[in-house]
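A.B. asks: Structure provided below as structure tokens; questions to follow.
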Amino acid sequence: MTRSRLLPDNFTLTLIGVVLLASLLPASGAVAVGFGWLTNLAIGLLFFLHGAKLSREAIIAGAGHWRLHLLVFSLTFILFPLLGLALKPLLSPLVGHDLYLGMLYLCALPATVQSAIAFTSLARGNIPAAICSAAASSLFGIFLTPLLVTLLLNVHGDGGSTLDAIIKISVQLLLPFIAGQIARRWIGAWVGRNKNWLRFVDQGSILLVVYGAFSEAVNEGIWHQIPLWELGGLVVACCILLALVLLASSFLGKLFGFNQEDRITILFCGSKKSLATGVPMAQVLFAGSTLGVLILPLMLFHQIQLMVCAVLAQRYAKRPESVAELMGQVDP
Numbered sequence: 129m130t131r132s133r134l135l136p137d138n139f140t141l142t143l144i145g146v147v148l149l150a151s152l153l154p155a156s157g158a159v160a161v162g163f164g165w166l167t168n169l170a171i172g173l174l175f176f177l178h179g180a181k182l183s184r185e186a187i188i189a190g191a192g193h194w195r196l197h198l199l200v201f202s203l204t205f206i207l208f209p210l211l212g213l214a215l216k217p218l219l220s221p222l223v224g225h226d227l228y229l230g231m232l233y234l235c236a237l238p239a240t241v242q243s244a245i246a247f248t249s250l251a252r253g254n255i256p257a258a259i260c261s262a263a264a265s266s267l268f269g270i271f272l273t274p275l276l277v278t279l280l281l282n283v284h285g286d287g288g289s290t291l292d293a294i295i296k297i298s299v300q301l302l303l304p305f306i307a308g309q310i311a312r313r314w315i316g317a318w319v320g321r322n323k324n325w326l327r328f329v330d331q332g333s334i335l336l337v338v339y340g341a342f343s344e345a346v347n348e349g350i351w352h353q354i355p356l357w358e359l360g361g362l363v364v365a366c367c368i369l370l371a372l373v374l375l376a377s378s379f380l381g382k383l384f385g386f387n388q389e390d391r392i393t394i395l396f397c398g399s400k401k402s403l404a405t406g407v408p409m410a411q412v413l414f415a416g417s418t419l420g421v422l423i424l425p426l427m428l429f430h431q432i433q434l435m436v437c438a439v440l441a442q443r444y445a446k447r448p449e450s451v452a453e454l455m456g457q458v459d460p
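Letter by letter, the sequence shown follows residues 129 to 460 in the numbering used here.
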């Protein structure tokens, strides 16, 4: 029997295990310093492989669908931050000040790549447009997220300027990505053949960051600072935020006259926030014990969005095939 799509996947269970491990056996002293170096190397390798995996053809495919991309970008980098600010008076009392800063950080992040494309494919949406939109969101997020973090959280990444934060992210994330793009001509085929096990680099880098972040947070007493009722409030806050964005994505897709395949792409690309990008970015932008609190909303939102979108994708997948699909104009 297959596992229900409403249950957490193996990676989410591993993520929970890492949080428990950090809570019981937090790294400190020289061990924590070593984990920090290892984490930075893993993040660099992660973005290098992302650069080697992403073909120029995937970027070009669907790039001309500018109305769709503009709407997805508006949902990701405008609607999310505006909702984060607008909901603050309502939701901040539920989760507390520190956790709501994590909610605002979540709102500043780019969209996911893998899950947005996977759900679009499952729901029989516009796959080329999803590839282009999700990849572009991830790239533009390198520059837009530090700016939005400055505006929303009134912080500047380790006490520097917004420009410093952009430069730091560019050096640690963008340069490895560009290096991967350059190296693609030599290793692209190998990366494509081994993408199944290379995904463990993605997951491994996230687990390292989470362990290091929560180790430092536990050493500073995170679980004594966050009451159980605030964690429950965080679940409610994440559900409200996701529901509003899903409703807005669906409404705006219809309002602007997109066909159903495009509306599916807008729904799944515009409502996602990237754990794979958000956790490494938090490692660069923030320091100290606050990191664990800031990424906790992202970790929870990530699982909620996967469960909800899995149900929606299955529902869309059961619809009758359109004429365009039957004629082979839209990928199934």
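Positions of the beta carbon are idealized from the N, C-alpha and C atoms, including for glycine. Every value quoted in this text rests on a predicted model; they were computed, and no experiment measured them.
1. Does DSSP classify F205 as helix, strand or coil?
2. Determine, using beta carbons only, whether A365 and Y228 come nearer to each other than 9 Å.
3. Taking contact to mean at least 3 C-beta pairs separated by less than 8 Å, is the segment 437 to 445 in contact with the segment 245 to 262?
4. I need the straight-line Cα distance from I171 to D226, nearest angstrom please.
5. Whose CA, out of L359, F175 and A376, lies closest to the CA of G332?
6. If we count the other Cβ atoms within 10 Å of its Cβ and call it buried at 16 or more, is G285 buried or exposed?
7. Give every residue of the same chain whose Cβ lies closer than 7 Å to the Cβ of F208, excluding the five residues on either side of it in the sequence, and list them in chain order.
8. Quick check: what's the CA-CA separation for G288 versus G385?
9. May I have the straight-line CA-CA distance separating L166 from L267, to the nearest angstrom?
10. Assign G287 to one of three DSSP states: helix, strand, or coil.
11. Leaving out the 5 sequence neighbours to the left and right, which residues in its chain are closer than 8 Å to L149 when beta-carbon positions are compared?
12. For a test of the three-state rule: what should DSSP assign to T240, helix, strand or coil?
13. Let me confirm a value: R195 is counted as buried when at least 16 other C-beta atoms fall within 10 Å, else exposed. Which label applies?
14. Pick helix, strand or coil for I259, following the three-state DSSP scheme.
15. Give me the Cβ distance between V277 and A263, rounded to the nearest whole Å; I'm assuming they're in contact under 8 Å.
16. For T273 and P238, I'd like the C-alpha separation in whole angstroms.
17. Below 8 Å on the Cβ atoms is my contact criterion, and I expect S156 with S377 to pass it. Report the Cβ-Cβ distance as a whole number of Å.
18. Could you check the C-alpha separation between M427 and E358 for me, to the nearest Å?
19. With DSSP run on the structure shown, which of helix, strand or coil describes N322?
20. My output table needs one value for R252: the three-state DSSP class, helix, strand or coil.
21. Secondary structure at S402, three-state DSSP: helix, strand or coil?
22. For a test of the three-state rule: what should DSSP assign to P154, helix, strand or coil?
23. For H197, collect the residues of the same chain with a Cβ closer than 6 Å to its Cβ; drop the 5 residues on either side in sequence, then sort them by chain order.
24. At 4 residues or longer, what runs of the alpha helix (DSSP H) sit wholly inside the segment 353 to 434?
25. Pull up the CB-CB distance for L434 and V329, whole angstroms please, since I reckon it's below 8 Å.
26. I think G224 touches L280, with their Cβ atoms under 8 Å apart; what is that distance to the nearest whole Å?
C.D. replies: If we stick to the structure as given:
1. As a first step, residue 205 is located in the sequence shown; it is residue number 77 there, counting from the start. In this structure, F205 counts as helix in the three-state DSSP scheme.
2. As a first step, residue 365 must be located in the sequence shown, where it is residue number 237. As a first step, residue 228 must be located in the sequence shown, where it is residue number 100. Yes, the pair counts as a contact, with Cβ atoms nearer than the cut-off.
3. Enough Cβ pairs lie closer than 8 Å, so yes.
4. As a position in the sequence shown, residue 171 is number 43, starting the count at 1. As a position in the sequence shown, residue 226 is number 98, starting the count at 1. Going from the Cα of I171 to the Cα of D226 covers about 25 Å.
5. Walking along the sequence shown from the start, residue 332 turns up at place 204. When each option's Cα is compared against that of G332, the closest is F175.
6. Taking the first residue of the sequence shown as 1, we reach residue 285 at position 157. In this predicted model, G285 has a pLDDT of only 47, less than 50, meaning its place in the structure is not dependable; the value taken from the coordinates is given anyway. The residue in question, G285, is buried, as its Cβ has 16 or more Cβ neighbours within 10 Å.
7. Against the sequence shown, residue 208 aligns to sequence position 80. Correct list, in chain order: C235 and V373.
8. The residue given as residue 288 occupies position 160 in the sequence shown. The residue given as residue 385 occupies position 257 in the sequence shown. Legend: pLDDT at G288 = 48, less than 50; position of this residue unreliable, value from coordinates given subsequently. Their backbone Cα atoms lie some 44 Å apart in a straight line.
9. Taking the first residue of the sequence shown as position 1, residue 166 is located at position 38. Taking the first residue of the sequence shown as position 1, residue 267 is located at position 139. Pairing L166 with L267, the inter-Cα distance amounts to about 24 Å.
10. Looking up residue 287 in the sequence shown gives position 159. Note on G287: pLDDT 43, under 50, position unreliable in the model; no value is reported.
11. The residue you call residue 149 lines up with position 21 of the sequence shown. The residues are Y339.
12. For this step, residue 240 is matched to residue 112 along the sequence shown. Coil.
13. Taking the first residue of the sequence shown as position 1, residue 195 is located at position 67. Burial is judged here by how many other beta carbons sit within 10 angstroms of a residue's own beta carbon; R195 has fewer than 16 and is exposed.
14. In the sequence shown, the residue the question calls residue 259 occupies position 131. Of the three classes helix, strand and coil, the one that applies to I259 here is helix, per DSSP.
15. Along the sequence shown, read from residue 1 onward, the residue named residue 277 stands at position 149. Along the sequence shown, read from residue 1 onward, the residue named residue 263 stands at position 135. Contact between V277 and A263 does not hold, since the beta-carbon distance rounds to 22 Å and is not under 8 Å.
16. For the purposes of this step, residue 273 is taken as the residue at position 145 of the sequence shown. For the purposes of this step, residue 238 is taken as the residue at position 110 of the sequence shown. T273 and P238 have their C-alpha atoms some 7 Å from each other.
17. Looking up residue 156 in the sequence shown gives position 28. Looking up residue 377 in the sequence shown gives position 249. The Cβ separation is near 43 Å, so there is no contact.
18. Numbered from 1 along the sequence shown, position 299 holds the residue referred to as residue 427. Numbered from 1 along the sequence shown, position 230 holds the residue referred to as residue 358. In a straight line, the C-alpha of M427 is about 15 Å away from that of E358.
19. Taking the first residue of the sequence shown as position 1, residue 322 is located at position 194. N322: coil per DSSP, three-state reduction.
20. As a working mapping, residue 252 is identified with position 124 in the sequence shown. It is coil, neither helix nor strand.
21. One-based indexing of the sequence shown puts residue 402 at position 274. Collapsing the DSSP output to three states places S402 in coil.
22. Residue 154 sits at position 26 when you count from the first residue of the sequence shown. DSSP places P154 in coil when its eight states are reduced to three.
23. Translated into the one-based positions of the sequence shown, residue 197 becomes position 69. So the list reads S261, once near-sequence residues are dropped.
24. Complete alpha helix (DSSP H) runs here, min 4: 356 to 383, 388 to 398 and 403 to 413.
25. The residue you call residue 434 lines up with position 306 of the sequence shown. The residue you call residue 329 lines up with position 201 of the sequence shown. About 20 Å separates the two Cβ atoms, so there is no contact after all.
26. As a working note, residue 224 is residue 96 in the sequence shown. As a working note, residue 280 is residue 152 in the sequence shown. L280 and G224 do not touch by the CB rule: their CB atoms are close to 17 Å apart, not below 8 Å.
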